[in-house]
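**Q** Number 2 in numbering that gives the first Met the number 0 belongs to position 3 of the sequence shown; there are no gaps in the numbering. Using N, Cα and C, we set each Cβ at its ideal position, and we do this for glycine too.
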Amino acid sequence: MNAPVPGATAWVVRRAVPNDCEAVAAAEKLLFSDPWSSRAFADLVDRPGVHFLVGMVDDTVAGYAIAYFAADEAELANLAVVPAWHRHGVGRRLLDAVLEAVHRDGAVEIWLEVRESNAAARALYDRAGFTEVGLRRRYYDRPVEDAIVMRRATALR
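Structure below.
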C-alpha cells in the first residue's frame with residue numbers, strides 16, 4: 000500500500016482525519032461539477048460503515064476514496080485524484096486500499112457508478128477487475144450524463 004509514488008519522497012494511504020477535510024474539499028472543487036462540502040466529508044470521518052481514505056504524498060492530499068459498507072456489500076461512492084498526481088498510480092493505490100478494507104469487513108462484492116464519459120476511471124476499474132452490469136440514465140447533473148454501473152468481488156487476487 001505504501002509503495003513509492005514517482006516524484007514523491009513520502010507516500011501513504013491512511014484513514015482520513017478531520018484535518019484532511021478542507022484539503023479534500025478543495026480537491027473536490029477542482030475535480031467535480033457538483034462537489035461535496037468540507038462538512039460533508041467531516042461527517043464521514045468516524046462514521047461506522049464508512050471507509051474514508053486519503054492518499055498522502057509529502058504530507059499533501061493527492062487523492063481520496065470513500066466506500067460505504069453494509070451487510071456483505073460495499074459501494075465505492077467517491078474516488079478522486081488531484082490533477083497533479085494523475086497517472087502516477089495514486090488512484091490504483093487508493094482503490095486497492097478500499098478493496099482490502101471492505102473485504103476485511105466482510106463485503107463479498109463492491110459496486111460503483113462512473114460517468115459514461117470518464118474513460119480514465121473506467122479503464123482503472125476495468126484493470127481492477129470490475130465489470131459493467133448496468134446503466135443509470137441521466138444519473139449525473141452538471142452536465143446531465145448516464146452512469147455506468149460496475150461491480151466486482153472484493154476477494155484480493
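Going by C-alpha to C-alpha distance, which of Asp58, Gly105 and Glu115 sits closest to arginine 135?
**A** Selected option, being the one with the closest Cα: Glu115.
**Q** Alpha carbon to alpha carbon, what distance is there between alanine 73 and arginine 126?
**A** Arginine 126 and alanine 73: Cα-Cα distance of roughly 19 Å.
**Q** What does the alpha-carbon distance come out to for the pair valine 143 and valine 113?
**A** Cα to Cα, valine 143 sits roughly 13 Å from valine 113.
**Q** Helix, strand or coil for phenylalanine 68 per DSSP?
**A** In this structure, phenylalanine 68 counts as strand in the three-state DSSP scheme.
**Q** Might you give, ordered along the chain, the residues of its own chain that have their beta carbon closer than 6 Å to the beta carbon of glutamate 131, omitting 5 neighbours on each side?
**A** So the qualifying residues of the chain are Ile147 and Met149.
**Q** Going by CA-CA distance only, name the one from Asp57, Phe68 and Leu29 that's closest to leucine 43.
**A** If we check each option's Cα against that of leucine 43, Phe68 comes out closest.
**Q** Considering only C-alpha positions, which residue in the set Arg13, Asn117 and Ala154 is nearest to aspartate 145?
**A** Answer by Cα proximity: Asn117.
**Q** CB alanine 152 to CB valine 81, shorter than 9 Å?
**A** Contact flag unset, no.
**Q** Report, in whole angstroms, the separation of the C-beta atoms of aspartate 33 and arginine 141, which I expect to be a contact under 8 Å.
**A** About 5 Å separates the two Cβ atoms, so the contact holds.
**Q** Which of the three DSSP states, helix, strand or coil, is assigned to aspartate 19?
**A** Of the three classes helix, strand and coil, the one that applies to aspartate 19 here is helix, per DSSP.
**Q** Kindly indicate the opening and closing residues of the beta strand (DSSP E) around glutamate 108.
**A** Per DSSP, glutamate 108 belongs to the beta strand (DSSP E) from 108-114.
**Q** Under three-state DSSP, which class holds histidine 50?
**A** It is a strand residue.
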